[in-house]
Amino acid sequence: LSPAQCRRLLLIVAHYRPLSRTVANSILQRKKELSTTHLIFFTSNSTQIFLEEKIRSRYGVTGDELPDFLILTAGQQIWMPDSFFQNEKQAYKHMIDKPNVMIRVHKDGTILYSVRISLVLSCPMHLQFYPMDVQQCFIDLASYAYTTKDIEYIWKPHEPVQLKAGLSSSLPSFQLNNVSTTYCTSTTNTGSYSCLRTVLQLRRQFSYYLLQLYIPSCMLVIVSWVSFWIDRTAVPARVTLGVTTLLTMTTQSSGMNAKLPPVAYIKAIDVWIGACLTFIFGALLEFAWVTYIANRSSQGRSTPRGPPLFKDPLLIRFLFRIFDARTRSSSEDDGVA
555 LSPAQCRRLL LIVAHYRPLS RTVANSILQR KKELSTTHLI FFTSNSTQIF
605 LEEKIRSRYG VTGDELPDFL ILTAGQQIWM PDSFFQNEKQ AYKHMIDKPN
655 VMIRVHKDGT ILYSVRISLV LSCPMHLQFY PMDVQQCFID LASYAYTTKD
705 IEYIWKPHEP VQLKAGLSSS LPSFQLNNVS TTYCTSTTNT GSYSCLRTVL
755 QLRRQFSYYL LQLYIPSCML VIVSWVSFWI DRTAVPARVT LGVTTLLTMT
805 TQSSGMNAKL PPVAYIKAID VWIGACLTFI FGALLEFAWV TYIANRSSQG
855 RSTPRGPPLF KDPLLIRFLF RIFDARTRSS SEDDGVA
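One rule links them: number in my numbering = place in the sequence shown (from 1) + 554.
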């Protein structure tokens, strides 16, 4: 320790009162105040956690000769809560070039603990309105072993969550609309555990999908309707135009769905793509129907009119032979008479 820190510790030891220390057999309930800063969501979750522990003072030190607080390093012995993030998938502490940990011990017994960690958190998403959806992601901090009888987490009254300036507009795919705090205390068969929750409300950026999906799909539908103005006898041109737009729309749909996890429900983007495919396929059906009707009309004009029974040439030839045979037999009968 430096000479200044040695003098401070000597002053604390000089005013130490043994009778005011905590009884070893008693459980001292501690209250925690947490605030998070420098949160960069999705791209790099760099978070600083501040824990303030208010304990019963053992020293009864008053006066202006003591500093407001002492700064301790991570290697010094001090009790730490077993805090963990309930929805954490991957995390690590920053150790370059020293552990990014700060501990301040105030003269009134308050301990401020700050640590810098990077987190990868799980966030279940509901994609029914994708890509116009709003998601809520949580950051849950709780104690692993201590129950509410031993430790209690409470939010700091003033600005418990501090965000980096410009964070809400720097996310590539989302916009951070709101950040709120609440409690997520849970009860299991081993006891009740205190928990703090940060709620992040994220709105998906719609401009990307407007340029990459909605405008191109509208253009494909309009191009498929161009076949209505092409002569019906130009069969290769109309078929090529319809099939090409249909395959292009299918490829675009597959590319958009490849970026999403497979889900069992229908999304808003599925309804849009399905409507576009229906319009394009309807243009192909319209061409097939018009061609069929035109062919039937041309065949009807080339054949003689009459009852359907007499349109068969074989039947007409058979009936003509019967009529000719009867005519000959009648002539022979008249000659004999």
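Ideal Cβ positions, reconstructed from N, Cα and C, are used throughout, including at glycine.
Problem set entry | Residue interval of the alpha helix (DSSP H) (run including Asn-811) | 789-811
Problem set entry | Reference Ser-807, options Ile-823, Arg-792, Leu-666, closest by Cα | Ile-823
For this session: Look at the Cβ atom of Pro-685, then the Cβ atom of Arg-758, and state whether they are nearer than 7 angstroms.
Result: yes
Problem set entry | Counted within 10 angstroms of its Cβ, other Cβ atoms place Ala-696 as buried (16 or more) or exposed | buried
Exercise. Just the Cα atoms here: how many angstroms apart are Glu-713 and Cys-749?
Worked result: 18 angstroms
For this session: Using DSSP bridges, identify the partner residues of Val-844.
Result: In DSSP, Val-844 forms no bridge with anything.
For this session: Please say whether Thr-701 and Tyr-747 have beta carbons closer to each other than 7 angstroms?
Result: yes
Exercise. Val-733 to Trp-826, Cα distance in whole Å?
Worked result: 32 angstroms
Exercise. Is it true that the CB of Ile-769 sits closer than 7 angstroms to the CB of Thr-799?
Worked result: no
Exercise. Going straight from the alpha carbon of Pro-726 to that of Ala-719, what length do you get?
Worked result: 16 angstroms
For this session: Measure the CB-CB distance between Ala-837 and Ser-740 and report whether it falls below 7 angstroms.
Result: no
Exercise. According to DSSP, is Leu-814 helix, strand or coil?
Worked result: coil
Exercise. By Cβ distance below 6 angstroms, which residues in the same chain neighbour Phe-683 in space, the five residues on each side in sequence not counted?
Worked result: Ala-822
Exercise. Using the rule of at least 16 other Cβ atoms within 10 Å of the residue's Cβ for burial, across every protein chain shown, is Ile-820 buried or exposed?
Worked result: exposed
Exercise. Taking the C-alpha atoms as reference points, what is the distance between Arg-786 and Gln-853?
Worked result: 16 angstroms
Exercise. Beta-carbon separation of Ser-672 and Asn-641 under 7 angstroms?
Worked result: no
Problem set entry | Lys-643 beta carbon less than 7 angstroms from that of Val-894 | The structure shown does not extend to residue 894, since the chain is modelled only from 555 to 891, so the question has no answer here.
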